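For the sequence shown, our numbering assigns the number 660 to the initial residue and increments by one for each residue that follows.
What follows is a set of notes on a single structure, which appears directly below.
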Amino acid sequence: MHPFGPEATSAPHPIYARLREEAPAHEIPLAENFTAWLITRYDDARRALNDPRLSKNMAGTPIRSGGGWPDELRAAMDSHMLSNDPPEHTRLRRLVSSVFTARRIADLRPDVQRISDELLDGLTGRDEVDLIGEYAFPLPLQVICELLGVPMDDRDSFREWSNTIIAGALVQGDPLAAATAMNAYVRSLVERKRAEPDDALLSALVTAADEGDRLTENELTSLVFLLLIAGHETTVNLIGNGVFVLLNHPEQLARLRADRKLVSPAIEEFLRYESPVKTATFRLATEPVEFDGVTVPAGAIVMVSLLSANHDPQVFADPERFDPARTDNQHLAFGHGIHYCLGAPLARLEGEIAFNGLLDRFPKLRATQPLDELIWRPGALLRGLDRLPVMVN
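See the structure below:
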């Protein structure tokens, strides 16, 4: 049974349990002309995420070829940390980390709270709403606009391009045209920030320097795309999947309402139990790599299943039980090692404000259809619902 097939999209955990039991690594078809090796056990996954023999540079592989996207646009989208190995990765992460600081993220709290409140105001007084489309999706997108300093007049266009790029073939629109338009817009925005700096992250990235080194134009545009796709979609799924889990566990929802100190550990449990990212981004084996007796050959594409690793019973007691008070929750939802998600603190901040807001405003929140009939979006990398219709009054 294919781990990314239709049945696994709606109910992945039994399939991953079988894969973990059978072997530490499985060669699976991804397309007509190539396969990938899927790592499913926690200890193997943690090691693979930090193994220098598994390169993040996918140039020349089937992952980067085809699709009809011009090379110059790919360069404008892929010249970021997740597509590079040391020393280039080290250089990029150092420059970005110098401005994407804990203080900057903490300073965003009032903006995230305001955006959340405004979106919740729009839901109040109504009956049925789609919590994905009307709350989980726009919240992190507006936060990214705030973070980058996208002017208010440009945000509708930015949102439209973002929707099309992120959703791809799932919505009407042309992702290539949207990416081309956004690339042109971001380049013009970079020039504006260079000419008239403000206190937004993009201005800080434009001027970030380390011993005379600066981010190139392609690196700046790629970081915006990375924030948009990695930083946005994961938070959408954290919120959507978390609400889905709570609706499936009404006794735990009541527990969170009664004890808000559980919200932070509950977010960690959402990240483990229904991980917003199914698999880490692709890696390339530069030499043979062994996983508990199974050898992945040089030249193979490797995928690390975060969703499976986070349900490994060798690490997590009773992993199929959702427990918001779970202790020592060393999940891999944000990765591990040098590619650990730089935006994890922002995702946690957005999650904390989002869940507290929902608990405050909607004491009778409930699903309007059987939860097992909801549609999960297909794909190998991300795990999230297409819609989440709920009653809020």
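Note that beta-carbon positions come from the ideal geometry of N, C-alpha and C, so glycine has one too.
Just so we're clear, the structure is a prediction, and the values are computed from it rather than from any experiment.
In this model, Ile1034 and Ser669 are separated by some 7 Å (Cα to Cα).
By a beta-carbon distance limit of 8 Å, Ala695 contacts Ile960. Their separation comes to about 4 Å.
Taking C-alpha positions only, Gly727 is separated from Ala840 by approximately 16 Å. By the 16-neighbour rule on beta-carbons within 10 angstroms, Arg752 is buried.
Taking all protein chains in view, the Cβ of Gly871 is surrounded by fewer than 16 other Cβ atoms within 10 Å, so the residue is classified as exposed. For Glu946, there is no enclosing alpha helix (DSSP H), as DSSP marks it with neither H nor E.
The alpha-carbon of Asn900 is positioned some 19 Å away from that of Asn822. If you look at Glu878, you'll find it isn't in any beta strand (DSSP E); it sits in the alpha helix (DSSP H) that goes Glu876 to Leu885. For Ser934, the secondary structure class from DSSP, reduced to helix, strand or coil, is coil. Assigned with DSSP and collapsed to three states, Pro673 falls in helix.
Residue Leu1018 holds the alpha-carbon nearest to the alpha-carbon of Ser775 among Thr1027, Arg1042 and Leu1018. Contact check for Pro797 and Leu778: beta-carbon distance about 6 Å, within the 8 Å limit, so the pair qualifies.
Apart from the 5 residues on each side of it in sequence, Gln911 sits with its Cβ closer than 7 Å to the Cβ of Leu905, Phe981 and Pro983 in its chain, given in chain order. Considering only Met740, Leu882, Ala765 and Gly784, the residue with the shortest C-alpha distance to Leu807 is Leu882. The C-beta distance from Ile791 to Leu1047 rounds to 5 Å, short enough to fall under 8 Å. Note on Pro1029: under 16 other CB atoms within 10 angstroms of its CB, so exposed under the neighbour-count rule. Nearest neighbour of Tyr844 by Cα position, chosen from Leu1041, Arg814 and Leu767, turns out to be Arg814. Straight through space, the alpha carbons of Thr875 and Pro856 are spaced by roughly 17 Å. By the C-beta density criterion, Ala667 is buried, having at least 16 other C-beta atoms within 10 angstroms. Counted as a single uninterrupted DSSP element, the beta strand (DSSP E) harbouring Ile687 occupies residues Ala684 to Ala690. Cβ-Cβ distances below 7 Å link Leu885 to His739 and Leu741 in the same chain, with the five nearest sequence neighbours on each side left out; the list follows chain order.
Take Pro745, set aside five residues on each side of it, and the residues of its chain with a beta-carbon closer than 8 Å to its own are Pro711 and Ile997, in chain order.
Inter-residue distance for Pro1037 and Met811 is about 33 Å (C-alpha atoms, whole angstroms). DSSP places Met962 in the strand class (E or B) of the three-state scheme. Going by DSSP, Ala734 is part of no beta strand (DSSP E) but of the alpha helix (DSSP H) stretching over Asp730 to Asp737. In the three-state scheme derived from DSSP, where H, G and I count as helix and E and B as strand, Glu787 is classed as strand. C-alpha of Pro947 to C-alpha of Gly958: approximately 8 Å in a straight line.
Between His970 and Pro978, the C-beta gap is smaller than 8 Å, which places the two residues in contact. Here the C-alpha atom of Asp737 lies approximately 14 Å from the C-alpha atom of Ile824.
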